[in-house]
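Heads up, the thing below is written out as structure tokens.
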Amino acid sequence: MSRKTLNIGLFGFGCVGLGLYEVLQKTPALKASIKNICVKDREKERAIGKENFTFDKNDILDDESINVVVELIDDADAAFEIVSAALRKGKAVVSANKKMIAEHFAELLELQKEYNVPLLYEAACCASMPIIRNLEEYYDNDLLESIEGIVNGSTNYILTKTFEEDLSYDEALLQAQEKGFAESNPILDTGGFDAKYKLTILLAHAFGHVAKPKDIFNIGIDNIGELELKYAKEKKLKIKLVAQAYKQNDGSISAYVIPKFITPDDRLYNVDDVFNGVITKTSFADTHFFVGRGAGSLPTASAVLSDISALSYDYRYEYKKIYREEDTNLSNETLVKVLLRHKKADSEALKDYFENVEESYSNNDLGYITGTISLNSLI
Ligand SMILES: NC(=O)c1ccc[n+]([C@@H]2O[C@H](COP(=O)([O-])OP(=O)(O)OC[C@H]3O[C@@H](n4cnc5c(N)ncnc54)[C@H](OP(=O)(O)O)[C@@H]3O)[C@@H](O)[C@H]2O)c1
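Letter by letter, the sequence shown follows residues 37 to 415 of this note's numbering.
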């Protein structure tokens, strides 16, 4: 199959944009070159000459010789304007912007259909780890039972550093930012929002369900306290921020993001630092385990590069599971195992919410309950 020549208009030249520039220099076999780069800050020092840049998005959007727009900016609203304008102009698009894609999934689906152009976004989910194309191409809808994993590199890095190296939370966050792992707005990572955006996208490709991020429950790592850390250490557990979605017996899907205690026999236990790990469970194959770098300049750029390469042979997501027209709905009628920290006085009232209490402890002012609670009660 002969490959198309790709003229790229690149938006963003930060951690991932620069990474893409570098990997493209090293892959001359791919007939793809960057024709223009749009950035925001006129004063910033750049790694390459000024003549490569524009500050006007229309210099790329109106350039008919540019057939691919690669969107790698850190502003989801501006990104949606750029990506939707590019699709309307018939340009193929590659993006890594999970917030933008998750919040506008249905509109982006329509735009791809109406203008008959592809939008690819492998890097938006687990950076370098190819999970979207696997979900899209390999797993048939009715075979896939669940998907569960660590999908946010910077919180995994922070948890690893605070837990194993006794770094303070602020020091670990700063390191994650310096290494280019963190979002510009850190609450997106630490509050579990970034993981939720990714789960929204994974849900569409795993089960054909298009959800709004606001309908998926998320708790981040920012409320993990000394008590939980001590509890985990004493019991030789690790704490990981886990995104999960599974089919229930009535056909509904439960999906949420929550910090979990992980036992040493769980495959997620050794997924540390900036790595992501995802376990899929199917009816016949049992489980598969994917692992790879979940953030960083070159690893993320490698997934963007793979999408660009896929465009050169006209690959696009077919969204077969979405168009299969099976009714899917999200349900919070499911049970989750939790440790709930509480003020001593609240202990008895909280126990009423539990389906099953395993352990209950309190000292003079604080306490915790472990056991099973319905997701609805937790929310
Ligand atoms: N970093 C990672 O490991 C990683 C992993 C997976 C996905 N992602 C996603 O990749 C995207 C880029 O992340 P990043 O880490 O590379 O961000 P970054 O280092 O903060 O760089 C952001 C870039 O966007 C540019 N920009 C912002 N608003 C713009 C606008 N309106 N028009 C043109 N350019 C604009 C900035 O321009 P200036 O240079 O002029 O400031 C900068 O070059 C985000 O969506 C992020 O979620 C990142």
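All residues carry an ideal CB built from backbone N, CA and C; glycine is no exception.
Being a predicted model, the structure only gives us computed values, none of them experimental.
Presumed contact (8 Å Cβ cut-off) between residue i and residue j, rounded CB distance
i: residue 241; j: residue 366; result: Actually they are not in contact, since the Cβ atoms of residue 241 and residue 366 sit about 16 Å apart, beyond 8 Å.
i: residue 239; j: residue 247; result: 6 Å
i: residue 118; j: residue 107; result: 6 Å
i: residue 370; j: residue 284; result: 6 Å
i: residue 263; j: residue 404; result: 6 Å
i: residue 293; j: residue 255; result: 7 Å
i: residue 194; j: residue 257; result: 7 Å
i: residue 324; j: residue 336; result: Their Cβ separation, rounded to whole angstroms, is 22 Å, which puts residue 324 and residue 336 out of contact at 8 Å.
i: residue 196; j: residue 308; result: 4 Å
i: residue 329; j: residue 68; result: Going by Cβ atoms, the distance from residue 329 to residue 68 rounds to 22 Å, so no, they are not a contact pair.
i: residue 156; j: residue 346; result: 6 Å
Residue i (DSSP reduced to helix, strand or coil)
i: residue 119; result: helix
i: residue 241; result: helix
i: residue 68; result: strand
i: residue 108; result: coil
i: residue 410; result: strand
i: residue 280; result: strand
i: residue 352; result: coil
i: residue 52; result: helix
i: residue 218; result: coil
i: residue 157; result: coil
i: residue 184; result: strand
i: residue 404; result: strand
i: residue 203; result: coil
i: residue 164; result: coil
i: residue 300; result: coil
i: residue 375; result: strand
i: residue 268; result: helix
Residue i, buried or exposed, once every other Cβ within 10 Å from all chains shown has been counted against 16
i: residue 184; result: buried
i: residue 218; result: buried
i: residue 152; result: exposed
i: residue 171; result: buried
i: residue 202; result: exposed
i: residue 300; result: exposed
i: residue 223; result: exposed
i: residue 115; result: buried
i: residue 251; result: exposed
i: residue 44; result: buried
i: residue 94; result: exposed
i: residue 234; result: buried
i: residue 65; result: exposed
i: residue 227; result: buried
i: residue 399; result: exposed
First and last residue of the uninterrupted alpha helix (DSSP H) at residue i
i: residue 258; result: Taken as a continuous stretch (DSSP letters only), residue 258 belongs to no alpha helix (DSSP H), as it is neither H nor E.
i: residue 360; result: From DSSP, residue 360 is part of no alpha helix (DSSP H); its letter is neither H nor E.
i: residue 337; result: 333-347
i: residue 381; result: From DSSP, residue 381 is part of no alpha helix (DSSP H); its letter is neither H nor E.
i: residue 141; result: 141-151
Backbone CA spacing between residue i and residue j [nearest angstrom]
i: residue 192; j: residue 225; result: 10 Å
i: residue 310; j: residue 331; result: 6 Å
i: residue 101; j: residue 274; result: 52 Å
i: residue 166; j: residue 339; result: 7 Å
i: residue 59; j: residue 412; result: 46 Å
i: residue 190; j: residue 78; result: 29 Å
i: residue 306; j: residue 57; result: 32 Å
i: residue 188; j: residue 355; result: 24 Å
i: residue 128; j: residue 344; result: 9 Å
i: residue 92; j: residue 389; result: 55 Å
i: residue 414; j: residue 295; result: 13 Å
i: residue 373; j: residue 393; result: 10 Å
i: residue 160; j: residue 154; result: 15 Å
i: residue 42; j: residue 143; result: 25 Å
i: residue 277; j: residue 87; result: 43 Å
i: residue 357; j: residue 243; result: 6 Å
i: residue 47; j: residue 76; result: 9 Å
i: residue 381; j: residue 265; result: 22 Å
i: residue 383; j: residue 113; result: 43 Å
i: residue 214; j: residue 169; result: 30 Å
Residue interval of the beta strand (DSSP E) (run including residue i)
i: residue 322; result: 322-329
i: residue 393; result: 390-398
i: residue 31; result: Outside the modelled stretch of the chain, which goes from 37 to 415, sits residue 31, for which no answer is possible.
i: residue 128; result: 128-131
i: residue 313; result: 311-318
CB contact check: residue i to chain B, cutoff 8 Å
i: residue 382; result: In the structure shown, chain B does not exist; there is a single protein chain.
Near ligand 2: residue i beta-carbon under 7 Å from a heavy atom
i: residue 87; result: No copy of ligand 2 appears in this structure; the ligands present are ligand 1.
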